[in-house]
Amino acid sequence: MRRFIVGLAAAAMLLAGCASTVPPIEGVVWQIDNEHTDPRGDWQKLGVKHLLVQWSVVDDLAFVPGTGLAPGKAMPDWPRIGREPWAGEVILGLAGRFDERSARENIDALVQLSARVAKTPPPVNVTGWYFPVEIDPTWMDAARLGPLLRQLPKPLWISVYDSANVGPEELAQSLVEWLPPDVGVFFQDGVGVHAREPFVARHYANVLVRRLGRDRVRVIAEAFRPKEGGGFRPATLEELKPQLATYRDFRIYLFEGPRYVPPALVEGLAAGQERR
2 MRRFIVGLAA
12 AAMLLAGCAS
22 TVPPIEGVVW
32 QIDNEHTDPR
42 GDWQKLGVKH
52 LLVQWSVVDD
62 LAFVPGTGLA
72 PGKAMPDWPR
82 IGREPWAGEV
92 ILGLAGRFDE
102 RSARENIDAL
112 VQLSARVAKT
122 PPPVNVTGWY
132 FPVEIDPTWM
142 DAARLGPLLR
152 QLPKPLWISV
162 YDSANVGPEE
172 LAQSLVEWLP
182 PDVGVFFQDG
192 VGVHAREPFV
202 ARHYANVLVR
212 RLGRDRVRVI
222 AEAFRPKEGG
232 GFRPATLEEL
242 KPQLATYRDF
252 RIYLFEGPRY
262 VPPALVEGLA
272 AGQERR
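Numbering-wise, the sequence shown is residues 2 to 277 according to the numbering used here.
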């Protein structure tokens, strides 16, 4: 095992050395809450044309019209967002909760609410849907979600991470056993919370592609790092550039655009990007 890990690290270093430029970035994630309802950025300079909205209803507060639920403090300007070059295609998150444990304990109700929310999408080009109850190996009855996902519109996506470090093979096998074959996966790389190095995250993504198929796998690159004293800060250019270079040939989404990928960071990344 140690020899395999060393070999994997050496291959990753070779890959990074051969591909030091930043690959095209497909999308950014936007996590709505009462303090973040007006996303603005210039992520299109990185190639971004897709917006993944974390959720449109959270804790029974609606950030899209027409649901009949209590609205959030401010309704996003969806027509303006839909005109942004980085939101040409939107994967719309459905109903979730801030507290992960509560979300997992209420998946039946969240699926039912999500199906209702999907009937009144905002005025943007919705090309897919995202069910925002995240999956990891500590959720022992995650398989119960499988048949529930069949009630939601397609194309449909979920997100997966490995907080228990069970490894990519076990993580992928668990998904193969219960995830409907028409549901895609966003893999959260764990680099922002220092759960793993980028070359290990790429290995996870490679295994997921092998087991699920390339069209069903996208990578969420965490564009933040722990901040001294608590909380998180944007990753620096020196931290983020090699992380993204490691994911070359994957469809990459940055988490989270409005909070952690400001214009100065975009400019630095764009300067190190290959010409398209």
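Glycine included, each C-beta is placed from N, C-alpha and C at the ideal position.
query, result
"Secondary structure of R98, DSSP reduced to three states", "coil"
"The region 107-117 touching the region 40-55, judged by at least three CB pairs closer than 8 Å", "no"
"Proximal residues to P124 (C-beta, below 8 Å), its chain only, five neighbours per side dropped", "W79, P80 and G83"
"Host alpha helix (DSSP H) of T247 (start-end)", "L238 to T247"
"Distance between I136 and R102 (C-alpha atoms, nearest Å)", "11 Å"
"Opposing strand residues paired with Q274 [DSSP bridges]", "V23"
"Minimum C-alpha distance to V194 - residue among V58, E240 and D39", "E240"
"First and last residue of the uninterrupted alpha helix (DSSP H) at R117", "I108 to V118"
"Cβ-Cβ distance between G42 and G258 below 9 Å", "yes"
"Run of the beta strand (DSSP E) containing A222, from where it starts to where it stops", "V218 to E223"
"Residue from R151, N107, Y131 and G129 whose Cα sits closest to the Cα of D142", "N107"
"CB contact flag (V186, L213, <9 Å)", "yes"
"Boundaries of the beta strand (DSSP E) in which I253 is found, first to last residue", "I253 to F256"
"Per DSSP, cross-strand counterpart(s) of Q55", "According to DSSP, which records beta bridges pairwise, Q55 is partnered with nothing at all."
"Beta-carbon proximity check, T139 vs S164, cutoff 9 Å", "yes"
"Rounded straight-line distance, which links the Cα of W31 to that of L176", "25 Å"
"E308 versus G273 - alpha carbon distance", "There is no way to answer for residue 308, as the model of the chain reaches only from 2 to 277."
"For F188, the first and last residue of its enclosing beta strand (DSSP E)", "V184 to Q189"
"Spatial distance of W56 from E90 (CA atoms)", "15 Å"
"Own chain partners of Y131 with C-beta closer than 6 Å, once the 5 adjacent residues on each side are dropped", "I92, G94 and W158"
"For S103, three-class secondary structure by DSSP", "helix"
"For D34, the residue or residues it bridges with in DSSP", "H37"
"Residue range of the beta strand (DSSP E) that includes G147", "Not the beta strand (DSSP E): G147 falls in the alpha helix (DSSP H), residues L146 to L150."
"Closest residue to G28 among E171, A271, I221 and K242 (Cα-Cα distance)", "I221"
"Cβ pair P133, V59 closer than 9 Å", "yes"
"Sub-9 Å separation of L209 and P169 beta-carbons", "yes"
"Closer than 8 Å: A246 CB and nearest the ligand PLP heavy atom", "Looking at this structure, you won't find the ligand PLP or any other ligand, since it has none at all."
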